[in-house]
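Student: Each residue of the sequence shown is one higher than the last, beginning at 587 in this note's numbering.
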Amino acid sequence: MKRNFTKIIIKNNIRIYLSDLQNLANDILSYHKYLPLPAIILGNSLAVFSPLKFLYDSQKLMIRIKSNGPINSLIMEIQDHDVRALILDPNIVTEYDNKNYNEIPLILGIGDDGSLEISRKIKNEYFNSVTKLVRFDIATDLAYFLNVSDQIFSAILSNVELSSDNPLIFSKVRSIIFQLLPNHTEDDKKWIEDFVANMNIKTLSIKEIEDKIDGKLLETKHLSSKCWCSKEKMIKAILLLPMKEQEELKKDSLEIKCEFCLKTITIKKEDFFS
Ligand SMILES: [Zn+2]
Numbered sequence: 587m588k589r590n591f592t593k594i595i596i597k598n599n600i601r602i603y604l605s606d607l608q609n610l611a612n613d614i615l616s617y618h619k620y621l622p623l624p625a626i627i628l629g630n631s632l633a634v635f636s637p638l639k640f641l642y643d644s645q646k647l648m649i650r651i652k653s654n655g656p657i658n659s660l661i662m663e664i665q666d667h668d669v670r671a672l673i674l675d676p677n678i679v680t681e682y683d684n685k686n687y688n689e690i691p692l693i694l695g696i697g698d699d700g701s702l703e704i705s706r707k708i709k710n711e712y713f714n715s716v717t718k719l720v721r722f723d724i725a726t727d728l729a730y731f732l733n734v735s736d737q738i739f740s741a742i743l744s745n746v747e748l749s750s751d752n753p754l755i756f757s758k759v760r761s762i763i764f765q766l767l768p769n770h771t772e773d774d775k776k777w778i779e780d781f782v783a784n785m786n787i788k789t790l791s792i793k794e795i796e797d798k799i800d801g802k803l804l805e806t807k808h809l810s811s812k813c814w815c816s817k818e819k820m821i822k823a824i825l826l827l828p829m830k831e832q833e834e835l836k837k838d839s840l841e842i843k844c845e846f847c848l849k850t851i852t853i854k855k856e857d858f859f860s
């Protein structure tokens, strides 16, 4: 089975999103080729934010971490079942780069002040919420976001590792999101707290984690790492600019690089008139 899925499991009054997104994350890292710290920040973001597609049942999601750290911003977007992501300033060299890169504290890249903003399009309506970053580790920051902006008690675990012999390949990109359902009891809350406190997911396979949860599997969902940039969309964006800027751009052929997938799209003069 391709390591690219989210299993939605019900355990008593708890909904659990158990994800393994190793393939998805490796597809994206294969063209960004980030250094270890930005790669691990990217991996953690993909691990915990991707299941939001199913949690919110949204057509489109835009996630943005803005911070005072060297990354500046992380932007991730999900449209239908396609995911794309980037880090604004990914050239961050750390003393962990040659060894122990799986132990880099994310705060070194994210910084210690910032915000998490999530916009979602659900049934053609837009919702937007922002919370501050509280732990600078992405998983806890998302749990805080869900608790504050949606008043849903959530706990989130993530486990992201780069391959020990090649920091351009993820060996693990996994997460578990626990969400209390409205009719929950104190026992449900206690079950989540015990699971989070006692389970070292780093040492377990997804199958073993699923067995420990011992719930009812509702669905298995999939996402792909596809960018939706196109020549038509770029032309449309240019045609929204003020006339003066448009005229300037239309003088010659243009080469525009998509920041998400790094593909270069050539727009010829005549394309504007077709
Ligand atoms: Zn693109």
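The beta carbon of each residue, even a glycine, is placed where N, CA and C say it ideally should be.
Between the region 679 to 696 and the region 651 to 668, do at least 3 Cβ pairs fall closer than 8 Å?
Tutor: Contact between the region 679 to 696 and the region 651 to 668 is present, because at least three Cβ pairs lie under 8 Å.
Student: Count the other CB atoms within 10 Å of the CB of W777; is the residue buried (16 or more) or exposed (fewer)?
Tutor: Along the sequence shown, one-based indexing puts residue 777 at 191. W777 comes out buried.
Student: Apart from the five residues just before and just after Y730, which ones in its own chain have a Cβ nearer than 7 Å to its Cβ?
Tutor: Position 144 of the sequence shown, counting from 1, holds the residue named residue 730. The answer, listed in chain order, is T717 and V720.
Student: Which runs of the alpha helix (DSSP H), 4 residues or longer, sit entirely within the region 645 to 727?
Tutor: You should have 693 to 696.
Student: As an exercise, report each continuous beta strand (DSSP E) stretch of at least 3 residues that is fully enclosed by the region 796 to 831, in chain order.
Tutor: Correct list: 802 to 807.
Student: Does the beta-carbon of K817, which I'm using as the reference point, lie nearer than 8 Å to any heavy atom of ligand 1?
Tutor: For this step, residue 817 is matched to residue 231 along the sequence shown. No, the Cβ of K817 stays beyond 8 Å of every heavy atom of ligand 1.
Student: If we ignore side chains and look at the alpha-carbon of each, how far apart do I678 and E841 end up?
Tutor: Walking along the sequence shown from the start, residue 678 turns up at place 92. Walking along the sequence shown from the start, residue 841 turns up at place 255. Each residue's Cα considered, the two are about 27 Å apart.
Student: Which same chain residues end up closer than 7 Å to S735 when comparing Cβ atoms and leaving out the 5 residues on each side of it in sequence?
Tutor: The residue labelled residue 735 in the question sits at position 149 within the sequence shown. If we look at S735 and ignore the five residues flanking it on each side, its Cβ neighbours are S715 and T717.
Student: Look up N752 in the DSSP assignment and say whether it is helix, strand or coil.
Tutor: Position 166 of the sequence shown, counting from 1, holds the residue named residue 752. Looking at N752 - three-state DSSP - the assignment turns out to be strand.
Student: May I ask you to check if the CB of W814 is nearer than 8 Å to at least one heavy atom of ligand 1?
Tutor: By one-based count along the sequence shown, residue 814 stands at place 228. Yes - ligand 1 has a heavy atom lying nearer than 8 Å to the Cβ of W814.
Student: Taking Cβ to Cβ, would you say H770 is nearer than 9 Å to I596?
Tutor: Looking up residue 770 in the sequence shown gives position 184. Looking up residue 596 in the sequence shown gives position 10. Against a cut-off of 9 Å, the Cβ pair of I596 and H770 comes out as no contact.
Student: Please confirm whether Q737 has its beta-carbon closer than 9 Å to some beta-carbon of chain B.
Tutor: You won't find chain B in this structure, because it holds only one protein chain.
Student: Taking the CB atoms as reference points, tell me whether A741 and I755 lie closer together than 9 Å.
Tutor: Taking the first residue of the sequence shown as position 1, residue 741 is located at position 155. Taking the first residue of the sequence shown as position 1, residue 755 is located at position 169. Contact flag unset, no.
Student: Taking DSSP's pairing of strands, which residues face R760 in a bridge?
Tutor: As a first step, residue 760 must be located in the sequence shown, where it is residue number 174. R760 pairs with D606 and N745.
Student: Work out the CA separation of E856 and N686 for me, nearest whole Å.
Tutor: Walking along the sequence shown from the start, residue 686 turns up at place 100. Walking along the sequence shown from the start, residue 856 turns up at place 270. Roughly 53 Å separates the two Cα atoms.
Student: Does the pairing of the region 815 to 830 with the region 620 to 635 give three or more beta-carbon distances under 8 Å?
Tutor: Counting Cβ pairs under 8 Å, fewer than three are found: no touch.
Student: Express the C-alpha separation of Y603 and K807 in angstroms, rounding to a whole number.
Tutor: Counting from 1 along the sequence shown, the entry for residue 807 is found at position 221. Counting from 1 along the sequence shown, the entry for residue 603 is found at position 17. Looking at the two C-alpha atoms, the distance is approximately 10 Å.
Student: Could you say which of R650, K817 and P676 lies nearest to I664 if we only look at CA atoms?
Tutor: Walking along the sequence shown from the start, residue 664 turns up at place 78. Checking every option, the nearest Cα to that of I664 belongs to R650.
Student: With a threshold of 8 Å on Cβ separation, who are the neighbours of Y642 within its own chain once the five nearest residues in sequence on each side are excluded?
Tutor: As a position in the sequence shown, residue 642 is number 56, starting the count at 1. The residues are R706 and I708.
Student: I'd like the list of long-range same chain contacts for P753, defined as Cβ closer than 8 Å, with 5 residues on each side in sequence excluded.
Tutor: As a working mapping, residue 753 is identified with position 167 in the sequence shown. For P753, where only same-chain residues beyond five positions count, the Cβ hits under 8 Å are L621, P622, A625, D683 and Y687.
Student: For a test of your reading of the model: does the CB of R706 fall under 8 Å from any non-hydrogen atom of ligand 1? Yes or no.
Tutor: Position 120 of the sequence shown, counted from the start, is the residue given in the question as residue 706. False, no ligand heavy atom lies under 8 Å from that Cβ.
Student: Does DSSP classify T852 as helix, strand or coil?
Tutor: Residue 852 sits at position 266 when you count from the first residue of the sequence shown. Strand, per DSSP.
Student: Compute every distance between the C-beta of K830 and the non-hydrogen atoms of ligand 1, then say whether any falls below 8 Å.
Tutor: Within the sequence shown, numbered from 1, the residue matching residue 830 stands at position 244. Answer for K830: no, Cβ out of range of ligand 1.
Student: Cα separation between C844 and M820?
Tutor: Indexing the sequence shown from 1 puts residue 844 at position 258. Indexing the sequence shown from 1 puts residue 820 at position 234. So the alpha carbons of these two residues sit roughly 9 Å apart.
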